[in-house]
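Protein chains in written order, with this note's numbering: chain W, 10 to 204; chain X, 549 to 1058. No residue lacks a Cβ here, since even glycine has one placed at the ideal position from N, Cα and C. What follows is a short report on a single structure.
This is the structure:
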């Protein structure tokens, strides 16, 4: 009888926990997307997120010994990723500053190769609106819609009461609706289209 | 109908929107710009090789305890149920061959179908509260307590800082009683963790427990001197108008309400039905008649969490015989709602996120703005925007209705948590305002107190003073130590101190 998907996953996890590098590689490939999405939601830039996801997998390799067989792997994994992101944030806190969004916008629009810059962003208007949100609201959006985590999981990952997670999500959505609605008629030129 | 600050109609659905789809597309596209799974695997392999990787068992990693909590969801999740199912085709021909993609897509679709079926919202009745059979117990060692008051007199009941009961009469006589067993969850917020029955003869309170899941409901009978502890676990209480029944709500989002017989302590549970399906319950407000209860609810999967926000908050009237809920209106976030004791009207207060105060007619369902009350509070009430349940929720900590009227005494808190995205506390002048909803008037009667209760004759308002510095915070620390009376209830009324040393106000007994 063919094993179900969850059986296969458990088997792979069990083998990886025993030190089977091939199984571990399978595990990384299977869950890479999730770990990158969670890290991207929790960290301010793509490079940091990729570093954190990579280091989280190193943590997983070392930590699989403490993973109890039969327990769900996914929540364990995303917690490892979140912990790694927190460590990364603490490490970088001293040597980074957050750019003022107007400066970012100005830099974007002063670039000669405007089309290329725009093409690098999937949705520049949304990108800009997201950048204006408080960090905690942007994180919740990324975890919910980027990593597809449920609100209870987000609550635990961020050490935030469930109600607060909901509040942040609702407010972030309200703010985005408002901002994006105002963009509909605003001219998108010269870096001043986001008032 | 009035609008929210962003101009969206109040009844606009807040989920399943085009915006959410756009966000998902955005995050998918951002993800596509990053490394592929194979690339990440190669990087990890290189990283492990560079550090001379050894078998996992040689270097265990400490995993936080919260993992066990997370297992309630996603128990059998597989790689297919991750967000990778939504990832679009990748740039630069990195994807595998067409055949492999098709096979993968079929597997993913099947897994997603299975997973979706597994993620159907849990029925509220299955959310952890056992079926109730009703076997209340009497507290051992409880010596009983009957406040020694002259017949016909009322008494303000409060807890002192050592947890002992007190009854103070209008003339200032303070009678000390025994310690109230397990009074750990009592605070003075509208969610009513302690509440005296409308006839003044019993008090229900929630015993010590988890602040997020609640404690046992206990019923103290002043006349008989008995204390029963039910096996109902709850966070909020609401007495029926005839004092026969206590509605009790449990864990946030549970969607269920307990109805506890005040005399026997036995109870049964109903599930809130919103638009024909099990709904979520955010906050019990108050009974509107013998069989109806105003509450803040949500449709479908429980998502009303009115102590701290929530995704959808509907003002509804629940028929406690069936659980069916008549929805009055969609509430702004965060909801500050106060239902009149006669169940006729409700004030939807203004705050930082809801600039217009409104009057909801619970019988007709009409919602109309209150421009004068709105103007009176236009630059105030900002501190009612408190997003954190653990820090008191979103509502005014202290309020009380004048008996037989639609006039509400509402506190303006002095110190609160600043709005989301800001740091540090927000401050404003404290005070008590009388809001006449029928006339749409607002009158300030005190600048340094909070309202506690109104005497049955409507002539005396009980206040606490001075307001504590942490006035917005839940719990005993939320209020000042003194009880005083204001009579007549006007800005020129005289204030007399009745008691000091109060830790928590419980209500008025008769």
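Distance between residue 160(W) and residue 136(W) (C-alpha atoms, nearest Å): Using only the alpha carbons, I get a separation of about 23 Å.
Does the distance from the CB of residue 707(X) to the CB of residue 734(X) come in under 8 Å? Yes, the Cβ-Cβ distance between residue 707(X) and residue 734(X) is below 8 Å.
Does residue 120(W) come within less than 8 Å of chain X when only Cβ atoms are used? Low confidence applies to residue 120(W): its pLDDT is 45, below 50, so where it sits in the model is not reliable, and the reading given next is rough at best. So, not an interface residue.
8 Å contact criterion, which residue 1001(X) and residue 1010(X) should meet: CB distance rounded: Your pair residue 1001(X) and residue 1010(X) checks out as a contact, with CB atoms roughly 5 Å apart and the cut at 8 Å.
How about residue 583(X): is its C-beta nearer than 8 Å to some C-beta of chain W? Chain W, which has a Cβ nearer than 8 Å to the Cβ of residue 583(X), makes this yes.
Under the three-state DSSP convention, the category residue 776(X) falls into: In this structure, residue 776(X) counts as strand in the three-state DSSP scheme.
Can you find the residues in the same chain that come closer than 6 Å, C-beta to C-beta, to residue 673(X), ignoring five residues on each side of it along the sequence? Note that residue 673(X) has pLDDT 29, beneath the 50 cutoff, so the model's placement of it is unreliable and the number below is only indicative. Contacts found: 819.
Which of helix, strand or coil DSSP assigns to residue 995(X): Residue 995(X) falls in the coil class under three-state DSSP.
Are the Cβ atoms of residue 725(X) and residue 714(X) separated by less than 8 Å? Taking 8 Å as the Cβ cut-off, residue 725(X) and residue 714(X) qualify as a contacting pair.
For residue 596(X) and residue 67(W), I'd like the C-alpha separation in whole angstroms. One alpha carbon belongs to residue 596(X), the other to residue 67(W), and they sit about 7 Å apart.
Residues of chain W with a CB under 8 Å from the CB of residue 771(X): which are they? Below the 8 Å Cβ cutoff, chain W contributes no neighbours of residue 771(X), its closest Cβ being approximately 39 Å away.
Here's a check: name, in chain order, each residue in its chain whose Cβ is nearer than 7 Å to the Cβ of residue 908(X), leaving out the five neighbours to either side. Within the same chain, residue 908(X) has close Cβ partners 863, 876, 877, 893, 894, 896, 915.
Closest by C-alpha distance to residue 53(W), when choosing among 186(W), 151(W), 164(W), 184(W): Taking the Cα of residue 53(W) as reference, the smallest distance to any Cα among 186(W), 151(W), 164(W), 184(W) is reached at 151(W).
Using 8 Å for Cβ pairs, my map puts residue 886(X) next to residue 947(X). What's the rounded Cβ distance? Taking C-beta atoms under 8 Å as the contact rule, residue 886(X) and residue 947(X) qualify, at a distance of about 6 Å.
Using a Cβ cut-off of 8 Å, pull out every chain W residue sitting near residue 577(X), in sequence order please. In chain order: 131, 132.
Under the DSSP definition of a beta bridge, which residues are partnered with residue 863(X)? DSSP lists 844(X), 877(X) as the beta-bridge partner residues of residue 863(X).
Can you check whether the C-beta of residue 186(W) is within less than 8 Å of a C-beta belonging to chain X? Closer than 8 Å: yes.
Could you give the residue range of the alpha helix (DSSP H) that holds residue 820(X)? Segment: none, residue 820(X) is in no alpha helix (DSSP H) and carries neither H nor E.
Touching by the beta-carbon criterion (3+ pairs, under 8 Å), the region 742 to 756 of chain X and the region 785 to 795 of chain X: Contact between the region 742 to 756 of chain X and the region 785 to 795 of chain X is present, because at least three Cβ pairs lie under 8 Å.
Listed by chain order, chain X residues near residue 151(W) by CB distance under 8 Å: The contacting residues are 575.
Using a cut-off of 7 Å between C-beta atoms, extract the partners of residue 59(W) located in chain X. Those are 582, 583, listed as they occur along chain X.
Tell me where the beta strand (DSSP E) around residue 893(X) begins and ends. Element bounds for residue 893(X): 893 to 896.
Do the CB positions of residue 845(X) and residue 808(X) come within less than 8 Å of each other? Remark: C-beta atoms of residue 845(X) and residue 808(X) do not approach each other more closely than 8 Å.
Which of helix, strand or coil does DSSP assign to residue 1055(X)? In the structure shown, residue 1055(X) falls within a strand segment according to DSSP collapsed to helix, strand and coil.
Between which two residues does the alpha helix (DSSP H) harbouring residue 726(X) extend? Element bounds for residue 726(X): not the alpha helix (DSSP H) but the beta strand (DSSP E), 722 to 727.
Assuming residue 21(W) is part of the alpha helix (DSSP H), what are its boundary residues? That run of the alpha helix (DSSP H) goes 14 to 26.
Looking at chain W, is there any beta carbon in it that lies within less than 8 Å of the beta carbon of residue 847(X)? Output row for residue 847(X): interface = no.
Which of the three DSSP states is assigned to residue 628(X) in this structure? In this predicted model, residue 628(X) has a pLDDT of only 37, less than 50, meaning its place in the structure is not dependable; the value taken from the coordinates is given anyway. DSSP places residue 628(X) in helix when its eight states are reduced to three.
Roughly how many whole angstroms lie between the Cα atoms of residue 824(X) and residue 872(X)? C-alpha separation (whole angstroms): 7 Å.
First and last residue of the alpha helix (DSSP H) that includes residue 793(X)? Note, residue 793(X): premise wrong, no alpha helix (DSSP H); beta strand (DSSP E) at 793 to 797.
What are the residues in the region 27 to 38 of chain W lying within 7 Å of chain X by C-beta distance? Here the close residues are 28, 34, 37, 38.
I'd like to know whether the C-beta of residue 884(X) is nearer than 8 Å to at least one C-beta of chain A. Reference to chain A is not applicable here, since the protein chains of this structure are W and X.
With DSSP as the reference, label residue 758(X) as helix, strand or coil. Of the three classes helix, strand and coil, the one that applies to residue 758(X) here is strand, per DSSP.
Go ahead and pull the three-state DSSP assignment for residue 705(X). Reduced to three states, the DSSP call for residue 705(X) is strand.
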